[in-house]
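S.K.: In the numbering used here, the protein residues as written are 103 to 279. Beta carbons: idealized from backbone N, C-alpha and C, even for Gly. Take a look at the following structure, please.
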Amino acid sequence: MHRLRLVSTLVLSFVTSTVSACESENTPSSEASESQTANPESQTANPEPHAFLGGDVDLADACAIEGAQRVGFIARLVDCIDLSGPCTIPTNPYLEFEGDDIDCPASGNESMIVEVDREGRFQAEAVVHLEDGGTTASCYGSEDANGQVPIDEVALDERAEVETELLADEPCPEPTR
């Protein structure tokens with residue numbers, strides 16, 4: 103009888119700690135929801151695993167939009183790395199990471215980046231912030247991954263810099279699973 107109680111207590115303790123770890127891993131932290139300006143030079147300054155998503159943004163076109171005030175580069179966590187199982191990422195709203203932010207007027211192409219600290223599949227957007235409070239965006243991603251950019255644990259540990267490409271001069275489509 104004592105052996106059964108000990109085993110059930112150990113199993114319950116393991117399950118509880120595993121669930122807690124999963125919940126804290128999938129719950130957006132206040133740090134992740136705050137504005138995060140990506141800076142590749144700070145890779146050595148940030149000891150935590152992270153990766154960078156980058157894309158070349160045509161600032162002349164973006165700032166030519168009527169009412170454009172600034173252009174930002176964001177990444178949105180839209181799915182898990184493993185597509186075969188259930189995924190428990192936040193979806194209402196999706197977790198967003200804010201990266202580089204450039205004031206208009208601006209010209210030329212600029213490589214803009216955003217730092218992410220979680221594994222998963224991401225969409226990236228160059229977001230034009232308008233003076234009326236609205237936004238418009240261009241979708242960046244990976245052609246060979248259905249528009250999404252996969253960032254796994256290895257990429258985070260290696261502080262990978264992953265290039266994205268312009269997929270559409272409109273916001274990224276709503277994620278579907």
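1. Name the DSSP beta bridge partners of Cys-241, please?
2. Can you give the beta carbon distance from Arg-178 to Tyr-196, rounded, assuming they're within the 8 Å contact cut?
3. Starting from the Cα of Leu-232, find the closest Cα among Ile-253, Gly-249, Ile-204, Asn-248 and give me that residue.
4. Hey, could you find the ends of the beta strand (DSSP E) Leu-179 is sitting in?
5. Per the DSSP calculation, Leu-155 is bridged to which residue(s)?
6. Please classify Thr-278 as buried or exposed, where buried requires at least 16 other C-beta atoms within 10 Å of its C-beta.
7. CB-CB under 6 Å to Gly-201, same chain, minus the five flanking residues each way: which ones, in chain order?
8. Compare the Cα-Cα distances from Gly-222 to each of Glu-255, Leu-269, Gly-249 and report the closest residue.
9. Taking C-alpha atoms, which residue in Arg-261, Glu-265, Leu-258, Asp-234 lies nearest to Gly-249?
10. Under DSSP, the alpha helix (DSSP H) around Glu-255 begins and ends at which residues?
11. Please state the DSSP three-state secondary structure of Leu-197.
12. For Leu-185, is the classification buried or exposed, using 16 other Cβ atoms within 10 angstroms of its Cβ as the cut-off for buried?
13. Taking C-alpha atoms, which residue in Pro-207, Phe-224, Asp-246 lies nearest to Asp-181?
M.R.: Result, derived from the coordinates:
1. Glu-227, Ala-270
2. Their Cβ separation, rounded to whole angstroms, is 5 Å, which keeps Arg-178 and Tyr-196 in contact under 8 Å.
3. Out of Ile-253, Gly-249, Ile-204, Asn-248, Ile-204 has the C-alpha closest to the C-alpha of Leu-232.
4. 170-181
5. Val-216, Val-264
6. Exposed.
7. Ala-140, Phe-175, Ile-215, Val-216
8. Glu-255
9. Looking at the Cα atoms, Glu-265 is the closest of the given residues.
10. 255-259
11. coil
12. Label assigned to Leu-185: exposed.
13. The residue with the shortest Cα to Cα distance from Asp-181 is Phe-224.
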